[in-house]
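Undergrad: Counting with the working numbering, you get residues 1 to 331 for the letters of the sequence shown.
The C-beta atom is built at its ideal place from N, Cα and C for all residues, glycine as well.
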Amino acid sequence: MKSIKSFIYLDNDKMYSISSQIFEGLTEYIIASSEKSFNQTDYQEGSKKSGHLLADILKKSAMLEEKKFLHDFAFNLFEEALIKEGKVLELNADNIQEEIHKIEDVNFVKIRGRVGFNDTSIVESTLRNFNSLGYAIGYITQDDKFKNDLNNLENTVKNIKDRNKKAKATELLKNRDYLRKVLSEIGLLQDQTNLDQMAYIVNYGYNGQFEIQMPFSNDLEHYLFSGILRRAMLKESEQELLHKYSRTTEKEFVLFGVPTRTAKTVERLQMYRESTDDQGEKDGESGSNDKPKIKEGVMGIVSALTNLENLFIGKLDYEYVIDPIAVYREL
1 MKSIKSFIYL
11 DNDKMYSISS
21 QIFEGLTEYI
31 IASSEKSFNQ
41 TDYQEGSKKS
51 GHLLADILKK
61 SAMLEEKKFL
71 HDFAFNLFEE
81 ALIKEGKVLE
91 LNADNIQEEI
101 HKIEDVNFVK
111 IRGRVGFNDT
121 SIVESTLRNF
131 NSLGYAIGYI
141 TQDDKFKNDL
151 NNLENTVKNI
161 KDRNKKAKAT
171 ELLKNRDYLR
181 KVLSEIGLLQ
191 DQTNLDQMAY
201 IVNYGYNGQF
211 EIQMPFSNDL
221 EHYLFSGILR
231 RAMLKESEQE
241 LLHKYSRTTE
251 KEFVLFGVPT
261 RTAKTVERLQ
271 MYRESTDDQG
281 EKDGESGSND
291 KPKIKEGVMG
301 IVSALTNLEN
311 LFIGKLDYEY
321 VIDPIAVYRE
331 L
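1) Please classify A74 as buried or exposed, where buried requires at least 16 neighbouring CB atoms within 10 angstroms.
2) Just to check my reading of the structure: E252 and R112 have Cβ atoms closer than 8 Å, yes? What is that Cβ distance to the nearest angstrom?
3) Would you say L242 and F117 are within 9 Å of each other, going by their C-beta atoms?
4) Name the two residues that bound the continuous beta strand (DSSP E) containing R261.
5) I96 to V106, Cα distance in whole Å?
6) Helix or strand or just coil, what does DSSP make of Q197?
7) In the DSSP assignment, find the alpha helix (DSSP H) that holds N307 and state where it starts and stops.
8) Return helix, strand or coil for E104, following the three-state DSSP convention.
9) When DSSP labels each residue in this structure, what does Q213 get in the three-state scheme?
10) Cα-Cα, which of Y204, N92, R231 is closest to N218?
11) Leaving out five residues before and five after K315 in sequence, what residues of the same chain have Cβ atoms less than 7 Å from its Cβ?
12) Cα separation between N207 and K264?
13) Would you tell me roughly how many angstroms separate the C-alpha atoms of F130 and L308, rounded to the nearest one?
14) Look at the Cβ atom of D72, then the Cβ atom of M233, and state whether they are nearer than 9 Å.
15) Let me know if A81 comes out buried or exposed under the rule of 16 or more other beta-carbons within 10 Å of its beta-carbon.
16) Give the C-beta separation of Y23 and V258 to the nearest angstrom, bearing in mind that I take them to be a contact with Cβ-Cβ under 8 Å.
17) E79: buried (16+ other C-beta within 10 angstroms of its C-beta) or exposed?
18) Alpha carbon to alpha carbon, what distance is there between V302 and I365?
19) Out of S121, Q142, E99, which one is the CA nearest neighbour of E238?
20) Measure the C-alpha to C-alpha separation of D119 and K87 and round it to an integer number of angstroms.
21) With 16 other CB atoms within 10 Å as the buried threshold, where does L305 fall?
22) Could you tell me if E124 is buried or exposed, where buried requires 16 or more neighbouring beta carbons within 10 angstroms of its beta carbon?
23) Measure from the alpha carbon of Y135 to the alpha carbon of each residue in K110, D191, L255, then state which is nearest.
24) Would you call G297 buried or exposed, if buried means 16 or more other Cβ atoms sit within 10 Å of its Cβ?
25) Go ahead and pull the three-state DSSP assignment for S6.
26) Taking the C-alpha atoms as reference points, what is the distance between K158 and T249?
27) Please report the distance separating the alpha-carbon of I31 from that of Y9.
28) Tell me whether Y223 sits in a helix, a strand or coil according to DSSP, three-state version.
29) With DSSP run on the structure shown, which of helix, strand or coil describes I160?
30) What residues are listed by DSSP as bridge partners for L378?
31) On the DSSP bridge list, what partners appear for F117?
32) Write down the C-beta distance between E211 and I186 rounded to the nearest angstrom, noting that I regard them as a contact closer than 8 Å.
33) Of all the options I137, R180, L179, L255, which has the alpha carbon lying nearest to the alpha carbon of S226?
34) In terms of DSSP beta bridges, what is V321 paired with?
Written out as C-alpha cells, the structure is:
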C-alpha cells in the first residue's frame, strides 16, 4: 500500500515545470472565454500514461476555483516517475553516512528526518520588540515583588526626618523607573539602540526568510540540510505549523527537492579581469586602455557584496542547501 502524505509545503510551479519535461513535453495553456467560463489544457503525444493523467490534473487545477488536492496527487505521480527512473537519492539517519557522497551526482533528493523551522521575520520582530515584551513579562511576574518592595520603601520614607530628603524619596517612589531598573538587572530590558541595530542586520542579511533545516549527527559526522520555503506555497500559516509541530519537530518529515549547494569547497568565480594599469605604466605606456571601466567597478562592488552576504548565507562546511519542492509527513 502506498504511503499517505500529509503536505505542509508544495511548490506547484516548480513541480509542473519539471513535470512538463519528464512526461514527454507536457504543456499547459489556458483558453478563457470573455466570461471566463472554461479553461482548456493540451498535451503532446506521449507513451506514458502518467503524462495523460497529469495533463488532466492540470486541466482541472487551472479552473478558477482551484482544486488544491489535485496538486497533491500530481506530486505522487511526479515523485514516483523520478524514483522509477533512478533520479532520486533517498537519505535518512540509517544510510546517510554511506550514501551522502552520491549527492554530487544526483538532481533530486528525498531526505527523511526531524526538522527545525527558522523564521527570520520572527527573529527580527522579537529583537525590535524585546523591551516591550520584557517589560510586559516583568510587570506580570515581578509586580507583586515590586509592590512589596515599594511598601517597604514607603515605610522607610515615613521615618525620614529631613524634609528635603523625604521629598526626593517620595518623588522617586512615584516614578516607575524603579521597576525598569529591576527588570534591567534580571535581563528583561536591554539597550534599545543595540536591539534595533541587531534587528536591522538580521533584516538586511535574511530579508524575512522562512527556512527549514534537517540535521543529522553521529559519533563521526554532522550533516545539515537546509532550504528556503516560499511562504505562499505553505499549506497552512507559519504560526499554525509551529503550534502543531513545534519549532523543532518530534515527528519526522520528508524534504524533497533539488540539491543546489553541496560541495565542500568551491573555487571563487572571477567575475572581471584585474586592472593592468600599473603594469602598463611600468612598460612606459599610458595604460589608458586598461583602466577599469564603470561596469568593472560595479562588478567589483558586487564581488564585495558577495563577501558580505557570505557572512549571513554562506554555506557551512557540513551543510547541503536544497531547493525544496515538497515537505510532507508520511502517514
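TA: Taking the structure as given:
1) Classification of A74: buried, given that the 10 Å Cβ count is 16 or more.
2) Contact between E252 and R112 is confirmed by a C-beta separation of about 6 Å, below the 8 Å threshold.
3) For L242 and F117, yes; Cβs fall inside 9 Å.
4) Start and end: 248-261.
5) Computed Cα separation, rounded: 15 Å.
6) Q197 sits in a helix when the DSSP states are folded into three classes.
7) Looking at the DSSP string, the run of the alpha helix (DSSP H) that includes N307 is 294-313.
8) Reduced to three states, the DSSP call for E104 is helix.
9) Strand.
10) Out of Y204, N92, R231, N92 has the C-alpha closest to the C-alpha of N218.
11) The residues are R261, V321.
12) Taking the straight line joining both Cα atoms gives about 26 Å.
13) So the two alpha carbons sit approximately 27 Å from each other.
14) No; because the gap between Cβ atoms is not below 9 Å, this pair is not in contact.
15) Classification of A81: buried, given that the 10 Å Cβ count is 16 or more.
16) The identity of residue 23 in the sequence shown is Phe, whereas the question assumes Tyr. Not confirmed; about 18 Å, so no contact.
17) A buried status is given to E79, since no fewer than 16 other beta-carbon atoms sit within 10 Å of its beta-carbon.
18) Here the chain comprises residues numbered 1 to 331, so residue 365 is not present and cannot be evaluated.
19) The residue among S121, Q142, E99 with its C-alpha nearest the C-alpha of E238 is S121.
20) A direct Cα-Cα distance of roughly 31 Å separates D119 from K87.
21) Classification of L305: exposed, given that the 10 Å Cβ count is below 16.
22) Under this definition E124 is a buried residue.
23) The shortest Cα separation from Y135 among K110, D191, L255 belongs to D191.
24) Burial call: exposed.
25) Taken through DSSP and simplified to helix, strand or coil, S6 comes out as strand.
26) Rounded to whole angstroms, K158 to T249 spans 57 Å at the Cα level.
27) Annotation note: pLDDT 29 at I31 (below 50); position unreliable, coordinate value reported separately. Answer to the nearest angstrom: the Cα atoms are 29 Å apart.
28) Strand.
29) Coil.
30) The displayed coordinates of the chain run from 1 to 331. Any statement about residue 378 would go beyond what the structure contains.
31) The secondary-structure analysis by DSSP pairs F117 across a beta bridge with I212.
32) That belief does not hold up - the Cβ atoms of E211 and I186 are roughly 32 Å apart, past 8 Å.
33) Comparing C-alpha distances from S226 to each of I137, R180, L179, L255 shows the shortest one belongs to L255.
34) Answer is S226, R261, bridged to V321.
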